[in-house]
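This report concerns only the one structure given below.
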Amino acid sequence: MNHGTTLLWKRRALSSLSATRRGLPKPKMSENGVVPRAKVLTIDTMNPTVKNVEYAVRGPIVARAVELEKELSEGMKKPFAEVIKANIGDAHAMGQQPITFFRQVLALCSYPELLNDSTFPEDAKSRARRILQSCGGNSMGSYSASQGIDSVRQDVARYIERRDGGVPCDPDDIYLTTGASDGIMTMLKLLVCGEGVTRTGVMISIPQYPLYSAALAELGAVQINYYLNEEKCWSLDISELQRALDEARHHCNPRALCIINPGNPTGQVQSRECIEDVIRFAAKEGLFLMADEVYQDNVYADGCQFHSFKKVLFEMGPEYSDTVELASFHSTSKCYMGECGFRGGYMEIINMDDEVKAQLTKLVSVRLCPPVPGQALMDLVVNPPQPGEPSYDNFIKERTATLSALAEKAKLTEQILNTVHGISCNPVQGAMYSFPRIIIPEKAVKEATDKGQQPDMFYCMKMLEETGICLVPGSGFGQKDGTYHFRMTILPPRDKLQILLNKVKEFHQKFTKHYS
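Terminal number for the sequence shown in my numbering: 752, no gaps in between.
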């Protein structure tokens, strides 16, 4: 045996001995006598908080829907001709058309030679030139300031002032973000600290948008559930907030209260009185307020109106406007825009400690900057065509048509679902979803439990396999024990939505009969 071979066998022996001493199985040798290198990253050695993350709107139901689409494309026979994905608020994927002016300006910014093309209106060219002049090298391909392009933040501030009836807005309090999700995650990172009973607790509504539970799981924060009142159109009761807070203080340190208005997945629009009550509650209990307002243009029901938390806060006077800490969020992905893929958004911070604000600015600088095309789109949302400009009439026509169609589909969804015995649907006052309650027969509940599934997951998976309709089970959003729901978007075109709703009706009747 030569010297090299001797060293090789010594290394193998030491590796085997080391593993034995650490209580690990001896490493297995391959056929050529080489010990394979163990993976550094395994399911047992990865970050444990990541394993706790769940995101229902892109969970197993959606994965199966993608498989079914592939099977259909390969010619496999199914009891349906297409998969209808009503699981997520992706407006353009559901057929909603983009706003012409927004796409014209983005095209001009992406390919500036088009500025010489006479087919583009002059106001679109003017907006594009202004945006490009704010970009390094006059190119959207350059980085921007980490907080966002200065001129865009100024336009956002002016938009907020107009929206809120003249309440001042400082551009330095505006942070452009990669969609609203990025801003929400950033604020939670600042808030979460402590260990054990001092660990940060964050109050979130149930049902909730799974971004919140996923973010809290990833950060190792404590999720504090407060339940919306389904019997009162998913309203928020201060007594329920107090109950949740008092119980949570026994095992964590509650520091923040998250509100989604208009609501996702529940579609409720909060009254001004309710918002005032929430602000008083946050002030009394020393909570940081996070207001998710990405659906602020999506209000459909008579008698409902969007009120921003900032506007109400300042109209309540200095006792609150000078003290209550607030972060509010908006996005290009929802409302009448539906431009999810551009990942544009902003957050505004109110009454943040100056030293913390410096840390926030440092934190956002780590990711360099939000996508510049998303920032450009955000600028167009807050600074659209004005009266007298060439694109104004068409902009208003397209915007009105989109919101009117959504309002019509919100009403249609409520009406049809409420004709089905065993399904009850609250009015879809705003946002883009309905969250109907469903009665699942005991036999079906038992079968689901025996298979290790949540009953509403079992229900939605059956619906997908039999009808091609992809919905999200209510258990992915949270719900009171013993109740079952699903979330569906109202985004499909009216004719396709009508087909979808009729299929849901037929499936529920068949499902109930089978398991009765």
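Positions of the beta carbon are idealized from the N, C-alpha and C atoms, including for glycine.
Buried versus exposed call for residue 372 [16 or more other C-beta atoms within 10 Å across all chains shown]: exposed
Straight-line gap, residue 378 to residue 356 (C-alpha atoms, nearest Å): 24 Å
Uninterrupted alpha helix (DSSP H) stretches inside the stretch 305-387 (no shorter than 4 residues): 336-346 and 358-369
Residue 548 versus residue 604 - alpha carbon distance: 33 Å
For residue 630, the first and last residue of its enclosing alpha helix (DSSP H): 628-653
Cβ-Cβ separation, residue 506 to residue 472 (assumed contact under 8 Å), whole Å: 7 Å
Segment contact, 8 Å Cβ cut-off, at least three pairs: the stretch 643-657 with the stretch 422-435: no
Range covered by the alpha helix (DSSP H) that runs through residue 750: 730-751
Inter-residue Cα distance where the pair is residue 566 and residue 493: 17 Å
Bounding residues of the alpha helix (DSSP H) (the contiguous stretch that carries residue 601): 590-601
Status (buried if at least 16 other CB within 10 Å, exposed otherwise) for residue 253: Since pLDDT at residue 253 reaches only 49, below the 50 mark, its modelled position is unreliable, and the value read off the structure follows with that caveat. That one is exposed.
8 Å Cβ cutoff met for residue 297 and residue 696: yes
Three-way DSSP call (helix, strand, coil) for residue 491 in this model: strand
7 Å CB neighbourhood of residue 728 in its chain, flanking five on each side removed: 320, 322, 330, 331 and 736
6 Å CB neighbourhood of residue 661 in its chain, flanking five on each side removed: 650, 653, 654, 670 and 672
Given residue 701 as reference, the closest of 312, 734 and 617 once Cα atoms are compared: 312
Pairwise C-alpha distance: residue 656 and residue 738: 10 Å
Start-end ranges of the alpha helix (DSSP H) lying completely within the stretch 445-485, minimum 4 residues: 446-455 and 474-484
Residue 681, enclosing alpha helix (DSSP H) - first and last residue: 678-686
Per-residue DSSP class, three states only, for residue 439: strand
Continuous alpha helix (DSSP H) stretch holding residue 693: start and end: 691-703
Meets three-Cβ-pair contact criterion under 8 Å: the stretch 463-470 and the stretch 618-633: no
Contact the stretch 521-530 vs the stretch 545-560: 3+ CB pairs below 8 Å: yes
Proximity below 8 Å, CB of residue 667 to CB of residue 554: no
Status (buried if at least 16 other CB within 10 Å, exposed otherwise) for residue 429: exposed
Beta-carbon proximity list for residue 579, same chain, < 6 Å, skipping 5 on both sides: 414, 415, 607 and 610
Unbroken alpha helix (DSSP H) run spanning residue 556, endpoints: 554-557
Residue 461 versus residue 392: straight-line alpha-carbon distance, rounded: 32 Å
Segment limits, alpha helix (DSSP H) that includes residue 755: What is shown of the chain runs 237 to 752, which leaves residue 755 out entirely.
For residue 413, the first and last residue of its enclosing beta strand (DSSP E): 410-413
Contact set for residue 258: own chain, Cβ-Cβ below 6 Å, skip 5 residues either direction: At residue 258 the pLDDT is 49, less than 50, meaning the model places this residue with poor confidence; the figure from the coordinates comes in the next sentence. Cβ within range, chain order: n/a, list empty.
Presumed contact (8 Å Cβ cut-off) between residue 383 and residue 638, rounded CB distance: Not quite, the Cβ-Cβ distance comes to about 31 Å (not below 8 Å), so this is no contact.
Rounded distance between the beta-carbons of residue 674 and residue 692, thought under 8 Å: 7 Å
Cβ pair count under 8 Å reaching 3, the stretch 298-317 against the stretch 478-492: no
Rounded C-alpha distance that separates residue 443 from residue 528: 14 Å
Enclosing alpha helix (DSSP H) for residue 201 [first to last residue]: What is shown of the chain runs 237 to 752, which leaves residue 201 out entirely.
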